[in-house]
Amino acid sequence: WDLGAPKVDPLEPENVFMFLTGPLPGLGAPCMRSVIAFKSPLTLTYCDSYHGGFLGAEIKYAGYDGIVIHGRADSPVYLYIEDDRVEVRDAAHLWGLDTEQVYHALYSEIGGDRFEIACIGPAGENLVRFALVDCSYHRQSGRGGGGAVMGSKNLKAIVVRGTHRLRVAEPERFRAAVRQAYADLETAPGALDFRRYATLSGIVDDSEKGILPTFNYQQASFEHAANLLGVVYEERIWLRNAACMGCSIACSKMGAIRRGKHKGTICDNVEFETTGTMGSNLGFTKAEDLQYASHLCDILGLDTMSTGVTIAFATEAYKRGILSRDDLDGIELDWGTADAVHTMIKKIARREGIGDLLAEGVKRVSERLGGEALKIAMHTKGLETPGYEPRGMPGHALGYATGDRGGDHERSYMVHYEARGALWQGRPVDPFAREGKAEIQIHTQNITAGNDTLILCHFANEVGIETAIKMLNAATGFNLTEEDLFTVGERVWNITRLFNLREGFTRADDDLPVRVKEEPLPDPRVKGQRISQKDLDDMLDDYYRLRGWDENGVPTEEKLAALGIAARPDRG
Ligand code: SF4
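In the working numbering, the protein residues as written are -19 to 552.
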């Protein structure tokens, strides 16, 4: 809010780009991540995007809470930080390299792998609006186009090494809280499931529940879902687990494609979201094909989710005659055509031919094509829709509509309540009801945002909030309660709302894709479900009222005063 000027073009030097760490990384607390923050070139909203790995801890060890990058270098550079030694170094020799090549080049240049690295691939250099930032060898900040912002600054990489010791306010209490956190994780069934199957154990279940995006969200179940389960990767691709710093879950995998034309490709694991947006959504029937598509995105520096949804859009547009074969440079896109998708991924990263158009993301492409294209464009505020079909989950859909960085599953996750039977305040939730969903959505958004300030991995939910607060208080000397963390989350939602209002967003932008509003789902459990404009308006009215915002979604003076927030969009 303070560092960035209003309405700045995200790809101009005035946009501010930050690597931030939170209070706990590097101290031995489990499952700590770090975050990048910037104004998004994809959505033009505020955006933060989290990554695992080791970078946040290393920034702390170097003596910093964060790195704030302004301006633009005249030519490609990388930022070298070794404690107090900070240098902007020439990166001409790195420009054009994919992310794996950057790691290898920098490791040999700076001497071994004692440094933590974050870098962009060719997609970031080419200002693809959904380019990612790759950290600690394939832990990605994927959403919102942070890689393009780095590319716009001619910043290919940052390299960090720190040697300082970190201290906590109350060491004994901190150690006890950390022990409790590890104990929580060791026995939690969810953690064990992540360790064995990463995020890929629920694909068939989601398909049966009618929440798995398929064929550009034309349906919500996929007959080949079982081919994309974790157990298939376990048997055919994964070789060992890998973990972010101090994480005993170790949900990440390293593996190798061992059959087919991409045999021999060393890779990490496909995530659930990649499966929902790029697997079933593109009709992939073989794990190896999806694995290779994901690998291409990793090394070229593309968000798999936006890439999958964008290519799914192009596929449907081609099948409906909105795009011609010539438009697609002769590529025969169809559901399940892995080679065509792999080629398209490379074209997007290089902005080559049709890739130059698709690199703009679904919103801009559909607006350029107009007409029927607008009806099949799956995005909210420009962010391509996540790997959960929302029509059978109206509360979850409300989260997409109100998402501060666009429609998003990471900001609030109502899938547990609306598709998996979790109780809300001891009561079952009617999955298809509209009434009462705003209250659950707000609670979930606030608690998630509060939790994100820690910055605890979302897969580590089994670390109870009570234990997380004990770690925070012992590390910092604060005396916060769960209620305080909830209020922190509420402040976050109000401040990001003010940011987006200042950028010109209005109630009309709290919208859902046309398909979600107008096309009923065909799948058995959710047959006939859609979220009409009236449904959305009713839920938004509830949501704004319960948030203490006016009917246009603007936080009231009373609400801001109660939260201790001074700025209003009309005051700056
Ligand atoms: S659960 Fe997975 S993503 Fe989360 S911190 Fe652990 S290894 Fe990293």
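In this text, a Cβ means the ideal position worked out from N, Cα and C, and glycines have one as well. These numbers come from a predicted model, not from an experiment.
How should residue i be labelled, buried or exposed, when 16 other C-beta atoms within 10 angstroms of its C-beta is the threshold for buried?
i	result
Gly552	Reliability of the predicted coordinates at Gly552 is poor, the pLDDT of 48 falling under 50, and the value obtained from them is presented with this limitation in mind. With fewer than 16 other Cβ atoms within 10 Å, it is exposed.
Ile39	buried
Ala399	buried
Asp93	exposed
Thr461	exposed
Asn453	buried
Glu567	What is shown of the chain runs -19 to 552, which leaves residue 567 out entirely.
Gln405	exposed
Leu0	buried
Phe(-3)	buried
Gln271	buried
Trp218	buried
Arg243	One detail in the question is off: residue 243 reads as Lys in this sequence, not Arg. With fewer than 16 Cβ atoms within 10 Å of its Cβ, Lys243 is classed as exposed.
Asp114	buried
Arg123	buried
His50	exposed
Check the DSSP bridge columns for residue i and list the partner residues they point to.
i	result
Phe(-1)	Ile16, Ile47
Leu262	For Leu262, which the question treats as bridged, DSSP gives no partner whatsoever.
Pro151	DSSP lists no partner for Pro151.
Asp70	Val57
Cys99	Asp114, Ala137
Asp384	Gly386
Glu62	Arg65, Arg141
Asp28	Ala17
Pro535	Trp529
Ser121	Val113
Thr360	Leu363
Arg407	Trp404
Leu282	Ala111
Leu436	Met12
Can you check whether the CB of residue j is closer than 9 Å to the CB of residue i?
i	j	result
Val82	Lys136	yes
Cys231	Thr167	no
Gly528	Leu520	no
Ala161	Ala448	yes
Leu59	Val68	yes
Gly33	Ser14	yes
Gly316	Phe264	yes
Lys(-13)	Arg482	yes
Phe202	Gly259	yes
Leu553	Val494	This structure gives no information on residue 553, because the portion of the chain shown stretches from -19 to 552.
Pro193	Gly367	yes
Gly379	Thr424	yes
Tyr393	Thr360	no
Ala357	Ile229	no
Thr254	Glu364	no
Gly321	Leu280	Sequence check: residue 321 is Val here, not Gly. Contact: no.
Asn426	Thr467	yes
Phe154	Ala381	no
Pro10	Gly226	yes
Asp70	Val57	yes
Glu105	Gly142	no
In chain order, what residues of the same chain lie with their CB nearer than 8 Å to the CB of residue i, ignoring the 5 residues before and after it?
i	result
Ile545	Arg471, Asn474, Ile475, Leu478, Pro535
Arg300	Glu352, Ile356
Gly444	Asp164
His73	Ala85
Leaving out five residues on either side along the sequence, give the residues of the same chain with a beta carbon under 7 Å from the beta carbon of residue i.
i	result
Leu282	Ala103, Val108, Phe110, Ala111, Leu112, Ile325, Ile328, Ala329
Pro500	Gly508, Gln509, Arg510
Pro502	Gln199
His118	Asp248, Asp278
Phe458	Leu452
Ile334	Asp307, Leu308, Asp309, Lys327
Asp518	Arg414
Leu565	Since the first and last residues shown for the chain are -19 and 552, residue 565 lies out of range.
Nearer than 8 Å: is that true of the beta carbon of residue i relative to any heavy atom of ligand 2?
i	result
Ser260	Among the ligands modelled here, namely ligand 1, ligand 2 does not occur.
Can you list, in chain order, the residues of its chain whose CB lies under 6 Å from that of residue i, leaving out five sequence neighbours each side?
i	result
His144	Tyr41, Gly43
Leu188	Per the sequence shown, residue 188 should be read as Glu rather than Leu. Cβ neighbours of Glu188 beyond the five flanking positions: none.
Tyr177	Gly210
Glu538	none
Val250	Leu270, Gln271, Ser274
Gly126	Ile16, Phe18, Ser29, Val113
Flag residue i as yes if its beta-carbon sits less than 9 Å from any beta-carbon of chain E, otherwise no.
i	result
Asp269	In summary, chain E is missing from the structure at hand, where a single protein chain is found.
Query raised in the report: Which full runs of the alpha helix (DSSP H) of 4+ residues lie inside the segment 295 to 337, going along the chain?
Result: For the segment 295 to 337, whole alpha helix (DSSP H) runs of length 4 or above, ordered along the chain, are 318 to 330.
**Report entry** Whole beta strand (DSSP E) elements within the segment 189 to 255, 3-residue minimum
**Finding:** Runs of the beta strand (DSSP E) lying entirely within the segment 189 to 255, each at least 3 residues long, are 218 to 222, 232 to 236, 246 to 248 in chain order.
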